[in-house]
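**Q** Pasting a structure below so you can have a look.
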Amino acid sequence: MIGEVEKVDRDKTMECIIYDYEANVRCAYPVEGCCGILRMLHRSIHAISRSISEAELIITRHQIAILRAHQMPAVNQ
Numbered sequence: 001m002i003g004e005v006e007k008v009d010r011d012k013t014m015e016c017i018i019y020d021y022e023a024n025v026r027c028a029y030p031v032e033g034c035c036g037i038l039r040m041l042h043r044s045i046h047a048i049s050r051s052i053s054e055a056e057l058i059i060t061r062h063q064i065a066i067l068r069a070h071q072m073p074a075v076n077q
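Numbering (full-length UniProt numbering), first residue to last: 1 to 77.
Okay, structure coming up:
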């Protein structure tokens, strides 16, 4: 049960981080939208992989996966 609560808290925190990041990018690059966000996250992965922990690299990859999922149209609607 505790693990489930921690997972929900982690997921909600991740969504808030991504939402804030996306809002900042859209303000800075309104024309590029999600594509701009994906490019910036890919740049972050390269920078992180050179200098920071594996955990932060995993978080950034997870952010990219979430953004890609939001870009894809629903298959079964």
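Beta carbons: idealized from backbone N, C-alpha and C, even for Gly. For clarity, every value in this text was computed on a predicted model and none was experimentally measured.
Out of C35, H62, R43, H46, which has the shortest C-alpha to C-alpha gap to I17?
**A** For the purposes of this step, residue 17 is taken as residue 17 along the sequence shown, with counting starting at 1. Closest by alpha carbon: H62.
**Q** Excluding five sequence neighbours on each side, which residues of the same chain lie with their C-beta closer than 6 Å to the C-beta of N76?
**A** The sequence position of residue 76 within the sequence shown is 76, counting from 1. At N76 the pLDDT is 45, less than 50, meaning the model places this residue with poor confidence; the figure from the coordinates comes in the next sentence. So the list is empty, once near-sequence residues are dropped.
**Q** So is R37 buried or exposed if we call it buried at 16+ other beta carbons inside 10 Å?
**A** Here residue 37 refers to the residue found at position 37 when the sequence shown is read from its first residue. With the sequence shown as reference, residue 37 is identified as Ile, and Arg is not the correct amino acid for it. I37 is buried by the Cβ-count criterion.
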